[in-house]
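Undergrad: If you count by this note's numbering, then the sequence shown holds residues 2 to 101, one letter each, in order. Can you read through this structure? Questions will come right after.
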Amino acid sequence: MEVLELDMGDGVILYDHSSSLVHHLNPSASLVWHLCDGGVGEADLAAEISEELGLDRIEVTEHVRALIRELFMLGLVEDANDRGGPESHGEPTAGAGGGR
């Protein structure tokens, strides 16, 4: 999977070579993208974001889960279990997040 990333200041532009599609992530989605490294599941990402920003953990978890599932469906992130990565309890985690 090759995804190019361009930081636009107000979000991130992603270009997916395999689909030739361009995606614009808003600032909050960009934060999730940058925190994704394939070794952290949705719940841990949400906990880190909610703690850092002082937001409700349940609400953040719902938004993070929805975003990661959407990125997964678009082929921009991988399930860590499918590539022999750390266990994520069946949660898709971003193997390509942050251009990684």
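Quick reminder that beta carbons are idealized off the backbone N, C-alpha and C, glycines included.
(1) Look at the alpha carbon of LEU68 and the alpha carbon of ALA30, and state the distance between them as a whole number of angstroms.
(2) From GLY55 to ALA48, what distance separates their C-alpha atoms?
(3) Is ASP8 helix, strand or coil when you go by DSSP?
(4) Where does ILE50 land, buried or exposed, given buried means 16+ other C-beta within 10 angstroms?
(5) Going by beta carbon distance, what residues of the same chain come within less than 6 Å of LEU46, once the five residues before and after it are set aside?
TA: For this structure:
(1) Your numbering for residue 68 matches position 67 in the sequence shown. Your numbering for residue 30 matches position 29 in the sequence shown. Per the coordinates, the alpha-carbon of LEU68 lies some 7 Å from the alpha-carbon of ALA30.
(2) Counting from one through the sequence shown, the residue named residue 55 turns up at place 54. Counting from one through the sequence shown, the residue named residue 48 turns up at place 47. Rounded to whole angstroms, the separation of the alpha carbons of ALA48 and GLY55 is 10 Å.
(3) The residue given as residue 8 occupies position 7 in the sequence shown. Correct three-state label for ASP8: strand.
(4) Here residue 50 refers to the residue found at position 49 of the sequence shown. The Cβ neighbour count for ILE50, taken over all protein chains shown within 10 Å, is at least 16; the residue is labelled buried.
(5) Indexing the sequence shown from 1 puts residue 46 at position 45. Shown here for LEU46: same chain residues with a beta carbon closer than 6 Å to its own, the five before and five after excluded, namely LEU36, VAL65 in chain order.
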